[in-house]
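**Q** Quick note, the sequences are listed as chains A and B, same order. Converting from the first sequence to the working numbering requires adding 252 to each position, the first position being numbered 1. Converting from the second sequence to the working numbering requires adding 1 to each position, the first position being numbered 1. Yeah, the Cβ is synthetic: ideal placement off N, Cα and C, and Gly gets one too. Would you mind keeping the following structure in view while I ask a few things?
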Amino acid sequence: MKIDRRSFLSFVVGGAAGTALSPLPWKMTDDLAIWSQNWPWTPDPPNGEVAFVNSACTLCPGGCGITVRKIEDRAVKIEGMKGHPVNDGGICILGLSGLQMLYGPTRVQTPLKRVGSRGEGKWQKISWDKAISEVLAKLTDLRKAGKAHTVSAISGSDRGTVANLLDRFLNAYGSPNFIRTPSIRDTYELTLHMMQGVQASAGFDVENASLILSFGSGIIEGWGSPVRMFKANSRLKKTGGKVIQVDSRLSKTAAKSDKWVPIKPGTEAALALGIAHVIIKESRYNKDFVKNYAFGFNDWADSSGNLQKGFKTLVIESYSPKKVAEITGVDKAVIEALARTFALASKPLAICGRGQGKTPGSISEFMAVHALNALVGNINKQGGIWAVPEPDYIDWPRVEMDAMASAGIQKGRLDSAASDRYPDTQYLLNRFVENIRSGKPYGIEALFIDGANPLYTLPDTKETKAALEKIPFIVSFASYMDETTENADLILPNHAYLERYEDVPQPGGFQKPIISLTRPVVSPQFDTRHLGDVILLLAKGLGGTVSKAFPWNSYEDCLEATLGDSLDVLLKKGYWTDDRFTPPGWKKAFDTKSSKFEFAVQNQNDAGNKTLMPGFEFVKPEGDAGSFPLILVPYDSMRLANGFVGDTPFMIKTVEDTVLKGNDCFVEINPKTAREIRLSEGKPARLETPKGSATVRVHLSESVGPGMIALPRGLGHTAYDDYLAGKGVNTNDLIGPVPDPITGLDAAWGIRAKLSKA
Amino acid sequence: MNDSEDLTTAASEGAAEDEGEAPVSKGNTLLDGAGGTILMFFIFGFVASLVVGWVIFPKLLYSKKKQPIDFNHALHVELSEEGCVSCHYFRADGSFSGVPKLAECIECHEEVNGSDPEEEKFVAQYVATETEVPWLIYSKQPPCVFFSHAAHVTMGKMDCVACHGHIGESTESRVYEANRLTGYSRDIWGKNMAGLKKNSWDRMKMNDCAGCHATRAAFGTETGAQGSITRQLKEAAGVVFPSARTVDKGSSVQTQKDACFVCHK
């Protein structure tokens, strides 16, 4: 038999026919389809018993309740907690993607000790015992050397048991240097303190307001408690309420508002006073409130009998619509119309604090806006602004101080907050950094960091970094490897927020007293420890009065003892709130010298006993107009987290192409400005400010006026994972703080800048 | 055979033309010597590939695995009060528990109860060490398949046997044939390589879902006046002309839709 080409072909044809009639090709096709779905990177949701755990989100100060869906031991979805007074089932994009923080690669997994130079990223894993003993050795040495006051702590909050434990620890140890990171909370607290004489946080009854006049506040861009504000905004739309947005940029809030009032950046206070002028001139203010419960509206005689100008005279003389129009660029007729709309609304509410309110801002501006609320008499009224008392459930015995502790405390705060210079301000982180740098009046030897990332969030990154370099011993309690933690000497990682117990009191801007409870949704994934327990261990290790100040065996023990019966409510419901809370009526609301609301604040114990009044003092942006002809203004967005945690991978994928493309971020400039400097859409450009420079790309947009550059906040991280690091520019690299003359808090809203072809 | 005859002819003719040679024999019929060889090779190829496809391929495709513990369903069903749901129960939220976890087994088997060596092995290897038994699940579907037991068993009142067969009556765990390519059990495709089935539980592919659903959806809409033949005819028509479908609106009882997303999340 001859095997030739023909017989071979015949064999192949026969084989093909037989194969087609066998299950092989059909089965293989089917199997390959299934095989292609089984690649290891294809997410495979786990199967198992479903459970829901109620907890609270702590990724921002919003204080939302969350419900986490679990399958067996794995958390698979975070949702807003239904019925929670703050967010009632809603959740923001950061809260939603919090699992990427929990399970992501940025977690610090064990205590770490720096072995390379600072920021080099060389770490040695050490045991908890060793880590604690290293801190103890340092603290013992410093205390013995009489340098207890040189130990300091920067914390994201000063409320709740954990922050209070840290503060108490410093107190018992002998340091006055506990510092909270700055925000508009500081300025609003000061405004209420000065004008109303109360120690309270500002609560906004936005749910019941009929008109919100916002001076640059990003109502749907993360101002206050973000989810709550979103809901309040939607509710206003449904109930026929109105939002008027005064903003130098067509922000999302401005775009969604009923009226956008474009304004020259930094002149918002002048507009508020111009509106006050019209309201007073047209006699549209609340006579009952102004006459019976306010002081300093009309001219008044001071203790030495000299006649002082009242608020009325001030605004009538200095803030006529014509003059305000010149300052702000807002048309005279618009100012008048705004005043009438505001005064005629049934429940008007004026709010301020730019964007998300991360920069404290100018006190006179806040007072000017608050004066508008006073004029329409919405202080402590439904739909108005409420003074919400500080939570008082933490009632620990006074710290017993030994000689070393007293000596340390007497050295005074390094940031000169609560000193003669800034008597009412509680914390001044910017000044703290500045004084570390100069070493005056004393240097800082050790720094603890919790819930804060100053190296990213503080204006003037270079200055902050130089200051941190001067501190010989930095301990971070961060759960994630952020910029500041990268530059620490020792990391004692806290449990992530989904792994720990913690009380979360009073979200920013919420009008009723509320405490939520963060609780472990999953067991700790790594070798981390609760900061509360670490503080207790440190105190025990130091012994003496320090140890005595902490009579609890564990953090949970402390939480139980502190919260008492409320803890049962918290465990059951996830939150505790005083539903029936209403702020005191006007008769009892004000604890000022005059026992009234003060348009003219007299209780300044400042040298010269100057009276403080709402006013407009233009906070001059740094830099000279000659070399820096443009003005750079940062803006906030819900898709870009810019607090102590950065964007999650999920979030960064949602950022528009006109904000971030690859690693390049875009600045918004007006087409007119673009023509002047010969830049076209998408072109790279060099952005220079007195503080630094960066390469960006330009996006031409009418959303900003000519001469303005808008740069998004929340980019330019150097830490975290590949999804975030190296993307865009950090606004804080380019902007420095401008201290408010009265409060010392950062009042900068922008900086002079230059944009040129790259 | 006509097809193959044509093919061989065509092949040989084509070859002849290509090479520019004269045909080997005038007639070139099947009875010729050369033609016979060609046919023989055709049959060789045909038969060999059939053998490969039907006999060798399944043997290569599937590996044979033994369950970690030889489980006697019949014995357990007999001892338990509620039948299948004693172990394969619905959780409080309505989700289906599937294969019991060790914790559930421990309720009875904290210590060795009987004299079965498999039970001894189970207690020693898994109960004592508190490790979950790596059961091989015959009915496991790819993760993209969404299937609700509650919808079928609780609401649809279907019997476990309809899909899982008489596994409750088995006295030993049969061999688990794992597809080397996909990792899933042979039970999904079915024992029969041709994909033929006699019982409703012989196969667990998409068509099996669809087939049953088409019928069920018809049950849901018809008044009962229609006979089964009429219905089947209408179904058949619906398959050929989907737009003219009258009997059922879709294969999902809940959504009345045929959309892929009903089962493939």
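(1) If I follow the unbroken beta strand (DSSP E) through Glu754 (chain A), where does it start and stop?
(2) Expressed to the nearest angstrom, what Euclidean distance is found between the alpha-carbon atoms of Ser307 (chain A) and Leu422 (chain A)?
(3) Using three-state DSSP, classify Pro59 (chain B) as helix, strand or coil.
(4) Should Phe304 (chain A) go down as buried or exposed, given a rule of 16 or more other Cβ atoms within 10 Å for buried?
(5) Against chain A, with Cβ distances strictly below 8 Å, would Tyr127 (chain B) count as a contact?
(6) Could you compute how far the alpha carbon of Asp734 (chain A) sits from the alpha carbon of Gln361 (chain A)?
(7) Does the region 464 to 477 of chain A touch the region 491 to 499 of chain A, meaning 3 or more C-beta pairs lie closer than 8 Å?
(8) With respect to the alpha helix (DSSP H) encompassing Phe260 (chain A), which residues constitute its N-terminal and C-terminal limits?
(9) Assuming Arg938 (chain A) contacts Thr947 (chain A) (C-beta within less than 8 Å), just tell me the rounded distance between them.
(10) So is Trp828 (chain A) buried or exposed if we call it buried at 16+ other beta carbons inside 10 Å?
(11) Can at least three beta-carbon pairs, one atom from the region 641 to 658 of chain A and one from the region 545 to 561 of chain A, be found at a separation below 8 Å?
(12) Which residues mark the beginning and the end of the beta strand (DSSP E) in which His951 (chain A) is found?
(13) Just grab the DSSP bridge partners of Met960 (chain A) for me.
(14) Please state the DSSP three-state secondary structure of Asn423 (chain A).
(15) Would you mind telling me which residues of chain E sit closer than 8 Å to Pro143 (chain B), beta carbon to beta carbon, in chain order?
(16) Opposite Gln376 (chain A) in the DSSP bridges: which residues?
(17) Based on the DSSP secondary-structure assignment, which residues constitute the bridge partners of Ala937 (chain A)?
(18) Helix, strand or coil for Phe729 (chain A) per DSSP?
(19) Measuring only the C-alpha atoms, how far is Ala999 (chain A) from Pro612 (chain A)?
(20) Can you tell me the Cα-Cα spacing of Gly562 (chain A) and Asn538 (chain A), whole angstroms?
(21) Among residues of its own chain, excluding the 5 on either side of Gly470 (chain A), which ones have a beta-carbon nearer than 7 Å to its beta-carbon?
(22) Is there a Cβ from chain A that is less than 8 Å from the Cβ of Glu22 (chain B)?
(23) Indicate the three-state DSSP secondary structure (helix, strand or coil) for Asp438 (chain A) in the structure shown.
(24) Could you tell me if Gln451 (chain A) is buried or exposed, where buried requires 16 or more neighbouring beta carbons within 10 angstroms of its beta carbon?
(25) Hey, how far is the Cα of Cys85 (chain B) from the Cα of Ala104 (chain B)?
(26) What is the rounded straight-line gap between the Cα of Ala507 (chain A) and the Cα of Asp712 (chain A)?
(27) Going along the chain, which residues of its own chain have a beta-carbon closer than 6 Å to the beta-carbon of Gly980 (chain A), five neighbours each way excluded?
(28) Between which two residues does the alpha helix (DSSP H) carrying Pro923 (chain A) extend?
(29) Nearest by alpha-carbon distance to Arg665 (chain A): which of A:Trp291, A:Ser427 and A:Thr910 is it?
(30) If we ignore side chains and look at the alpha-carbon of each, how far apart do Leu882 (chain A) and Arg683 (chain A) end up?
(31) How close, in whole Å, do the beta carbons of Tyr674 (chain A) and Thr995 (chain A) come, if the pair is a contact with beta carbons under 8 Å?
(32) Please tell me whether Val265 (chain A) has its Cβ less than 8 Å away from any Cβ of chain B.
(33) Looking at the unbroken beta strand (DSSP E) that takes in Cys604 (chain A), where does it start and where does it end?
(34) Any chance the region 535 to 552 of chain A sits against the region 576 to 583 of chain A, with 3 or more Cβ pairs inside 8 Å?
(35) Please name the residue or residues paired with Asp702 (chain A) in a DSSP beta bridge.
(36) Is the Cβ of Leu31 (chain B) closer than 8 Å to any Cβ of chain A?
**A** The relevant details are as follows:
(1) Where Glu754 (chain A) is concerned, the enclosing beta strand (DSSP E) starts and stops at Glu754 to Pro757.
(2) 29 Å
(3) helix
(4) exposed
(5) Look at Tyr127 (chain B): its C-beta is not under 8 Å from any C-beta on chain A.
(6) 13 Å
(7) yes
(8) Arg257 to Ala272
(9) About 6 Å separates the CB atoms of Arg938 (chain A) and Thr947 (chain A); that is less than 8 Å, so the two are in contact.
(10) buried
(11) As far as the Cβ criterion goes, the region 641 to 658 of chain A does not touch the region 545 to 561 of chain A, which means the pair count is below three.
(12) Gly944 to Leu952
(13) A:Ile883
(14) helix
(15) Considering every chain present, this structure includes no chain E. Its protein chains are A and B.
(16) A:Lys365
(17) A:Val948 and A:Lys1009
(18) In the structure shown, the three-state DSSP call for Phe729 (chain A) is coil.
(19) 6 Å
(20) The alpha-carbon atoms of Gly562 (chain A) and Asn538 (chain A) are separated by roughly 16 Å.
(21) The beta carbon of Gly470 (chain A) sits closer than 7 Å to those of Ser503, Thr505, Gly607, Gln608 and Asp888, all from its chain and outside the five residues before and after it, given in chain order.
(22) With a pLDDT of 46 at Glu22 (chain B), under the threshold of 50, the modelled position of that residue is not reliable, and the figure given next carries that caveat. Closer than 8 Å to the CB of Glu22 (chain B) there is not a single CB belonging to chain A.
(23) helix
(24) exposed
(25) If you take the alpha carbons of Cys85 (chain B) and Ala104 (chain B), they lie about 17 Å apart.
(26) 30 Å
(27) Leu912, Cys917, Leu967 and Gly968
(28) Pro923 to Glu928
(29) A:Ser427
(30) 27 Å
(31) 6 Å
(32) yes
(33) Pro600 to Gly607
(34) Verdict: no, contact absent.
(35) A:Ser407
(36) Low per-residue confidence applies at Leu31 (chain B): pLDDT is 49, beneath 50, and the placement is therefore not dependable, though the value from the model is reported in the following sentence. No - not a single Cβ of chain A is within 8 Å of the one on Leu31 (chain B).
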